[in-house]
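*Asks:*
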Amino acid sequence: TICMNTPQIIKQLQPEHRVLLDDGNISLRVIKRIDENTLEVEVLTGTELKARKGINVPDLLVDIPALTEKDKRDAKFMWDQRLDFVALSFVQRRQDVQDLLDLMKEFRKEEEEKKKIYPPLGIPVDNLNDYDYNYLVEEIQLSPEWRPMVVSKIEKPQALDEIDEIIKVSDAIMVARGDLGVECQLEKVPIVQKELIRKVNGAEKPVITATQMLESMIT
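For the sequence shown, my numbering gives the first residue as 111, with consecutive numbering after it.
#1: What are the boundary residues of the alpha helix (DSSP H) that includes Asp-181?
#2: Per DSSP, what kind of secondary structure is Lys-160 in: helix, strand or coil?
#3: Could you check whether the stretch 254-262 touches the stretch 189-201, counting it as contact only if at least three pairs of C-beta atoms, one from each stretch, sit closer than 8 Å?
#4: Would you mind working out which of Gly-288, Leu-170, Glu-220 sits nearest Asp-132, comparing C-alpha positions?
#5: Mapping the DSSP letters down to three states, classify Lys-263 as helix, strand or coil.
#6: Which runs of the alpha helix (DSSP H) spanning at least 4 residues fall entirely within the stretch 275-301, listed in chain order?
#7: Would you say Pro-258 faces chain D, with C-beta separation under 8 Å as the test?
#8: For the beta strand (DSSP E) containing Ile-141, name the first residue and the last one.
#9: What's the C-alpha gap between Leu-296 and Lys-219?
#10: Across which residues does DSSP place Phe-195 in a beta bridge pair?
#11: By a C-beta neighbour count over all protein chains shown, 10 Å radius and 16 as the cutoff for buried, is Asn-147 buried or exposed?
#12: Closest by CA to Met-284, which one among Thr-319, Ala-176, Ile-277?
#13: What do you get for Met-114, buried or exposed, if any count of 16 or more other CB atoms within 10 angstroms of its CB means buried?
#14: What residues match up with Glu-152 in a beta bridge as DSSP calls it?
#15: Report yes or no: do three or more beta-carbon pairs, one from the stretch 269-283 and one from the stretch 203-220, lie closer than 8 Å?
#16: Using the C-alpha atoms, what's the distance from Glu-265 back to Trp-189?
#17: Whole angstroms are fine: how far does the CA of Gln-322 sit from the CA of Thr-157?
#18: Hey, Arg-162 and Met-214: beta-carbon distance below 8 Å or not?
#19: Relative to the C-alpha of Glu-272, which residue among Lys-182, Leu-177, Pro-168, Arg-203 is closest?
#20: Does the distance from the C-beta atom of Ile-119 to that of Val-151 stay below 8 Å?
#21: Where does Asn-311 sit, in a helix, a strand or coil, going by DSSP?
#22: Identify whether Val-207 lies in helix, strand or coil by the three-state DSSP scheme.
#23: Using the Cα positions of His-127 and Glu-222, report the straight-line distance between them to the nearest angstrom.
The following block contains the structure:
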C-alpha cells in the first residue's frame, strides 16, 4: 500500500494513467478504481521505494489549487523577510502564477492598511528612530511596487500549452529539467529546453536551466 497526502490527485486519476515515483525510477499504471480514495495499480518498472519521494502524474492536468494553505503561510513568511525571488513549482497555467501575484497584492494592502511597513532587517516602523524612519520612507517611495520576483518552474508538459501566457505574467522562467524529463520523454527535453529559452529570451526576461544537467548524457 502506498499512501499519498494529495487525495485530490487520486480522485482524478483514471485507468491507464501513469503514476511515476522517485523521479521516475518507479513506474506504475492505474488498473482500476477500488473506491473514491483507493486505486489498484500495476508496477511497470520498480525498485525499493524510500520515504518522502515525489510523485508525478504526466497524463493528468492536476486540477488542484496552485497554492495550498501551507504555501500561503510560507508566502507570507517570504514577504515579511523581503526575499528577492520566489520559485513557483509545477506551474501548469497562467492562473497559477496570477494566484501568487494576487496573494502578494493582498499582503501589500494589509501592510498599507496597518501602516506597518517592514524594512529589510525586519524592524517595525514604530521601533525606528527619526533618522531610520526618514530613510525607510525614502526607500519605499523609490520602490512603491516592490515585491519578490516570481520564477515559474516549468516541470509539467501541460505548461507548454500556455507557455506564452505564463511567460507574460512571470518575472523569470526556470526550465526544471529533472521533473520535466520525468513528465515527458527524456529525448524531448533538449528540444523543449531550447524552445523555452528562445521564447523567454524573446520576452527579454531571465531564464534558468537547472537540475539533472548530465542525466540525459549518461543514460
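Here a beta-carbon is modelled for each residue, glycine too, at the ideal position from N, C-alpha and C.
*Replies:* This is what the structure gives:
#1: 179-190
#2: coil
#3: yes
#4: Gly-288
#5: strand
#6: 287-293
#7: Of the protein chains in this structure there is only one, and it is not chain D.
#8: 136-145
#9: 44 Å
#10: Met-259
#11: exposed
#12: Thr-319
#13: exposed
#14: Arg-139
#15: yes
#16: 24 Å
#17: 20 Å
#18: no
#19: Arg-203
#20: no
#21: helix
#22: helix
#23: 48 Å
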